[in-house]
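Colleague: Let me begin by handing over the structure; questions about it come next.
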Amino acid sequence: MDPAWSRDSRPNPSGDWYEFQARDAARLTIGIRLGEPAASIAGSVAQRGASAPGVPVFLYPIDAETRVRSAGNRLTFSDENGRYRLDGLPPGRYLLAATFEISTPTEDAMRLARAEEVVLGSGGNEERALTLYTEQPQ
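FYI, in the numbering used here the residues of the sequence shown are 1 to 138.
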């Protein structure tokens, strides 16, 4: 390595990713984080037994470490057939809900929307069928 560059590398405390940083004399930093294979979750959204297109599907990381590793909440929408898919997810515990009732996901809002708890493993692919949550009785 060029003497004008310094480097630092370390595993995170849980050992599931490894970080490498290089800095030049001008303090330009390049950071690379290597981790476990990403997971995904996919499935369908239904309302009254029929597929529900265009529904927001929220994925909320439950614990702080998963929130950091996933860079926060994820949002997608069900397609014209009521199918959804979220890829590139770090392993961890999440809440998953299909609803128009949430604008900014919080753990409390997700639980009120009867979110399902999902545990994603390294490289895992989960399939979940969701029912559209509305505050009105269906």
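All C-beta atoms in this analysis are idealised placements derived from N, C-alpha and C, irrespective of residue type, glycine included.
1. So does S51 have its beta carbon nearer than 7 Å to some heavy atom of the ligand ATP?
2. Using only alpha-carbon positions, find the residue among D79, G92 and Y60 that is nearest to G124.
3. Taking 6 Å as the limit between beta carbons, can you name the residues of its chain near R85, skipping five residues before and five after?
4. Would you call G82 buried or exposed, if buried means 16 or more other Cβ atoms sit within 10 Å of its Cβ?
5. Is it true that the CB of Y133 sits closer than 8 Å to the CB of E101?
6. Is the Cβ-Cβ distance between P53 and S78 less than 8 Å?
7. Just to confirm the assignment, what range does the alpha helix (DSSP H) spanning R67 have?
8. From the DSSP secondary-structure annotation, give me the bridge partner or partners of V55.
Modeller: Straight from the coordinates:
1. Ligands displayed in this structure: none; no statement on the ligand ATP is therefore possible.
2. On the sequence shown, residue 124 is found 124 positions in, with the first residue counted as 1. Looking only at D79, G92 and Y60, the smallest Cα-Cα distance to G124 is reached by G92.
3. Taking the first residue of the sequence shown as position 1, residue 85 is located at position 85. So the list reads A42, once near-sequence residues are dropped.
4. Along the sequence shown, read from residue 1 onward, the residue named residue 82 stands at position 82. So G82 ends up on the buried side.
5. Counting from 1 along the sequence shown, the entry for residue 101 is found at position 101. Counting from 1 along the sequence shown, the entry for residue 133 is found at position 133. In contact: E101 and Y133 (Cβ atoms closer than 8 Å).
6. One-based indexing of the sequence shown puts residue 53 at position 53. One-based indexing of the sequence shown puts residue 78 at position 78. The Cβ atoms of P53 and S78 sit closer than 8 Å to each other.
7. Sequence index remark: in the sequence shown, residue 67 carries index 67 (1-based). Unbroken alpha helix (DSSP H) run through R67: A64 to S70.
8. The residue labelled residue 55 in the question sits at position 55 within the sequence shown. Paired residue(s): none; V55 is not in a bridge.
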